[in-house]
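Note sheet for the following structure.
Numbering (the working numbering), first residue to last: 52 to 230.
Here is the structure:
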């Protein structure tokens, strides 16, 4: 995975270096908005709740999974790196699903049939939601998602305890917290 994921502690100090005129410019205001979004999804924070629709047409919220460790997994059927990561996620899910762990897959697909086919083909047996708006998915702006795959690991209280951990790192993190 070669995506770069900016964090608030990297972006905010740079924003603070801007002079007042730049901060008040259109670009400065956009950067401030980005900093504010990154702050809401920083490790230690409780991310904003959202509701999206399952392939079966049921609305489900992220907060409905509170009380479990949850991996919020942002992906899409057309995303090669996402699909290559899926076998690792399946293995991790199967190892921890009976120990208060759940996955909440958020798809950035636009075509329901391709989304459903990828779920079936990759053996993804956890919760899946999407608004089928692709990169205009409401979570993209709400969570500052600029690249996929991306993920957030939440503790039982719904706080972010890790971000963008994949493969063995995800498995090791869960092994350290779920007994």
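Just so it is clear, CB atoms sit at the ideal spot from N, CA and C, and this is done for glycine as well.
Remember, it's a predicted structure, so these values are computed and weren't measured experimentally.
Looking at the structure shown, is residue i part of a helix, part of a strand, or coil, going by DSSP?
i           : result
residue 145 : helix
residue 124 : strand
residue 158 : strand
residue 61  : helix
residue 230 : coil
residue 79  : helix
residue 94  : coil
residue 69  : coil
residue 130 : coil
residue 138 : helix
Which one or two residues does DSSP pair with residue i in a beta bridge?
i           : result
residue 104 : 110 and 181
residue 40  : This structure cannot speak to residue 40, because the chain is shown only from 52 to 230.
Residue i and residue j: beta carbons closer than 8 Å?
i           : j           : result
residue 190 : residue 196 : yes
residue 206 : residue 183 : no
residue 152 : residue 119 : yes
residue 222 : residue 105 : no
residue 134 : residue 169 : yes
residue 177 : residue 128 : no
residue 180 : residue 228 : no
residue 137 : residue 173 : yes
residue 203 : residue 98  : yes
residue 78  : residue 66  : no
Check the C-beta distance from residue i over to residue j and give it rounded, since I have them as a contact under 8 Å.
i           : j           : result
residue 154 : residue 122 : 5 Å
residue 201 : residue 215 : 6 Å
residue 225 : residue 147 : 5 Å
residue 94  : residue 63  : About 14 Å; that fails the 8 Å criterion.
residue 88  : residue 124 : Contact doesn't hold; Cβ gap of about 19 Å is too wide.
residue 96  : residue 210 : 7 Å
residue 92  : residue 194 : 5 Å
Legend entry - Ordered list of alpha helix (DSSP H) runs contained in the segment 164-228, each at least 4 residues: List check, alpha helix (DSSP H) in window: 189-194 and 218-228.
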